[in-house]
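Read in my numbering, the sequence shown has 585 at position 483, and its numbers run on one by one without any break. For every residue, glycine included, the Cβ atom is placed at its ideal position computed from N, Cα and C. Below you'll find the structure, written out as structure tokens, and then a few comments.
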Amino acid sequence: CAEEIAGITLTEEQRTELVEDLEQHLENYISVRELALPNDVPPALMFDPRMSGTRPPSGVQGVRWEPVPVDRPSSDEDMAYMQVAELAHLLKSRAVTSTELTELYIGRLKQHDDVLQAVITLTEDLAYEQAARADVELDAGVWRGPLHGIPWGAKDLLSVRGYPTTWGAAPYKDQVIDENAAVVDRLESAGAVLIAKLSLGALAWGDVWFGGKTKNPWNIEQGSSGSSAGPGSAVAAGLVGFAIGSETLGSIVSPSTRNGVTGHRPTYGLVSRHGAMTLSWSMDKLGPMARSALDCALVFEAIRGADARDGVTVDAPFPFSLERDVSALRVGYVQEAFESDYPGKARDSATLDVLRNMGIELIPIELPDDLPVDAMLTTLGVEAATAFDTLTLSNGVDQMVRQGEGTWPHEFRVNRFVPAVEFLQASRCRWLLMQRMNTVMQQVDVFVSPSFGGRTLAITNLTGHPSVTVPNGFDALESDTDPRRRQPRSITVAGPLYADADVLRLASAFQSATNFHLLQPPING
103 CAEEIAGITL
113 TEEQRTELVE
123 DLEQHLENYI
133 SVRELALPND
143 VPPALMFDPR
153 MSGTRPPSGV
163 QGVRWEPVPV
173 DRPSSDEDMA
183 YMQVAELAHL
193 LKSRAVTSTE
203 LTELYIGRLK
213 QHDDVLQAVI
223 TLTEDLAYEQ
233 AARADVELDA
243 GVWRGPLHGI
253 PWGAKDLLSV
263 RGYPTTWGAA
273 PYKDQVIDEN
283 AAVVDRLESA
293 GAVLIAKLSL
303 GALAWGDVWF
313 GGKTKNPWNI
323 EQGSSGSSAG
333 PGSAVAAGLV
343 GFAIGSETLG
353 SIVSPSTRNG
363 VTGHRPTYGL
373 VSRHGAMTLS
383 WSMDKLGPMA
393 RSALDCALVF
403 EAIRGADARD
413 GVTVDAPFPF
423 SLERDVSALR
433 VGYVQEAFES
443 DYPGKARDSA
453 TLDVLRNMGI
463 ELIPIELPDD
473 LPVDAMLTTL
483 GVEAATAFDT
493 LTLSNGVDQM
503 VRQGEGTWPH
513 EFRVNRFVPA
523 VEFLQASRCR
533 WLLMQRMNTV
543 MQQVDVFVSP
553 SFGGRTLAIT
563 NLTGHPSVTV
573 PNGFDALESD
583 TDPRRRQPRS
593 ITVAGPLYAD
603 ADVLRLASAF
613 QSATNFHLLQ
623 PPING
């Protein structure tokens, strides 16, 4: 079996010769295992999505945006569903206080969480402390920016001093990490108010965590998908102003789609992961989940930037402005994916028509199809198994709720048998994929794709390219008599490395021409 896995055939003499060396290798393996390396220790080889000779664009441009006047709604329910961009005006004009908003959202978290199971830990004391500080500053005319006083929720793989950081998994349900994650500190500096640590599928897979299964507020018979399960559910249900999720292979895209919210997966390396659980050093990204692409841009502005504690991070300009005409963008579309026969084809084709009606000339593009993308995902399996090897070797994985094939305990074990040579060969194939994508991206400024059509999701996660997933319609639920219960669907806008501003601009322009992102779910009504 070992020879078959290695792809070689040995003679008896060769087998005998190998035994002594392999026994020495085993001693070396054991010496490393005895170190019990913690999750936050990275490998010496770090991933860089840039091709040779390329650098992030220079400059320090940031978001160009000012709050647009809006009136305070007559009902708190409507205010709970307002976008960050709208709440920012209410707070700055003092039409509402941060403490009022914090009370509103914490009340909604408590009201709906028995059904949605989106909250792991309420950070109530911290929230009221931060809200009071925001109100003092805002009353004095000090405005830190659009997030000042806005309540938000953190996916519970982000550490927060003084509170459990459970990673959604039973073995870590009492874990307390005595520091704030980088994005938590940056959002605090922006004046945002942390009200809850939200659920994630255990160790960032799915929507089942040690306390239950997080639900989709559009259809509570269904899970919210994951692994950013709580962020997707809570944003959709109007329980937080925005949330921070993470993605390795679909963990922002999938729950954003399932719950009908907007999710931004930034270019790899633009947001520090310090203080976040590691699943895959070369694929993990942190990003905002909110009610609009504009909201995502405002949050991204606050959390982006280099951090010496995360060696892959870089600084890059973010020249986001709604004043720039999107019709000047070179917008590609993955022609083969849109023309294939798949559920939702008519809805996605209608999305292309909306873009054309906005004055955009769509350019057909083809993503690389000559490389074994599935084989490259060995990277994720091996890195995840490495990140949690101590848990596997100690049999701590036996405490996890989900077991068997298609779960982390199984994947951690099976990936211990991946030969190092095969892992590095897959990495070399990944470099070729990055090279191919670099060539494709020279044709366009952004491109659109079915969120799960073709291989866009896998390819762009492997190459580190940014994306924004936005609602583009709904499917009816055949068995439900309540017409409000529907299944949200989405489209994805992606682009070249560091083109997050253009990707978000096109997504925001699409949302200006549609209203899917403005609709409210029935939750359990």
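Residue i to residue j span [Cα, whole Å]
i: I462; j: V605; result: 14 Å
i: T267; j: D142; result: 14 Å
i: S569; j: M502; result: 31 Å
i: Y274; j: L431; result: 46 Å
i: A404; j: I222; result: 25 Å
i: P585; j: P466; result: 37 Å
i: Q277; j: R515; result: 23 Å
i: N318; j: G209; result: 19 Å
i: V134; j: A522; result: 15 Å
i: N517; j: A104; result: 14 Å
i: M184; j: D216; result: 23 Å
i: L351; j: T118; result: 42 Å
i: Y435; j: Q622; result: 29 Å
i: A486; j: D280; result: 23 Å
i: S99; j: L305; result: Since the displayed the chain opens at 103 and closes at 627, residue 99 lies outside it and no answer follows.
i: M148; j: I625; result: 43 Å
i: A448; j: R607; result: 24 Å
Residue i, buried or exposed, once every other Cβ within 10 Å from all chains shown has been counted against 16
i: K299; result: buried
i: Q116; result: exposed
i: D500; result: exposed
i: S496; result: exposed
i: Y44; result: With the chain running from 103 to 627 in the structure shown, residue 44 is simply not present.
i: I110; result: exposed
i: T453; result: buried
i: A233; result: buried
i: S581; result: exposed
i: G555; result: buried
i: Q126; result: exposed
i: E188; result: buried
Proximity below 8 Å, CB of residue i to CB of residue j
i: F525; j: I107; result: no
i: R68; j: L482; result: Here the chain covers residues 103 to 627 and nothing more, so residue 68 does not appear.
i: P144; j: M536; result: no
i: A418; j: P175; result: no
i: P171; j: L203; result: no
i: H619; j: T364; result: yes
i: L303; j: G270; result: With the sequence shown as reference, residue 303 is identified as Gly, and Leu is not the correct amino acid for it. Against a cut-off of 8 Å, the Cβ pair of G270 and G303 comes out as a contact.
i: A395; j: V572; result: yes
i: S429; j: M460; result: yes
i: A345; j: G407; result: no
i: I561; j: D450; result: no
i: V433; j: T616; result: no
i: I289; j: A378; result: At residue 289 the sequence reads Leu, which differs from the Ile that was named. No, these two residues do not count as a Cβ contact at 8 Å.
i: T369; j: R591; result: no
i: D173; j: T201; result: no
i: L599; j: M478; result: no
i: V285; j: V373; result: yes
i: L224; j: L206; result: no
i: T492; j: A138; result: yes
i: L534; j: L473; result: yes
i: A603; j: P357; result: no
Close Cβ partners of residue i (< 7 Å) along its chain, the five nearest in sequence each way excluded
i: L579; result: N321, R587, R588, Q589
i: T316; result: L218, Q219, A220, S301, D309, G325, S326, A331, G332, S335
i: W307; result: G328, S329, W510
i: R367; result: E349, I354, V355, K387, G389, P568, S569
i: T380; result: N141, D142, D386, A489
i: A611; result: V428, M460
i: D471; result: none
Nonlocal neighbours in the same chain, by C-beta distance under 8 Å from residue i, ignoring five residues either side
i: K194; result: P169, L240, W245, H250
i: M153; result: M536, Q537, N540
i: H512; result: Q505, G506
i: R426; result: R607
i: Y265; result: T223, T225, L228, V278, K299
Same chain, Cβ closer than 6 Å to residue i, five either side skipped, listed in chain order
i: D287; result: none
i: M437; result: Met is not the amino acid found at residue 437; the sequence shown has Gln there. The answer, listed in chain order, is P466.
i: A609; result: A395, V570, V572, V595
i: P651; result: Limits of the chain in this structure are 103 at one end and 627 at the other, which puts residue 651 out of reach.
i: G161; result: P419
i: R532; result: M478, L564
i: G446; result: R591
| query | Are the region 395–415 and the region 158–169 touching by the rule of at least three beta carbon pairs closer than 8 Å? | reply | yes
| query | So, do the region 166–184 and the region 275–295 have three or more beta carbon pairs nearer to each other than 8 Å? | reply | no
| message | Quick check: the region 406–422 against the region 435–448, are at least 3 beta-carbon pairs closer than 8 Å? | response | no
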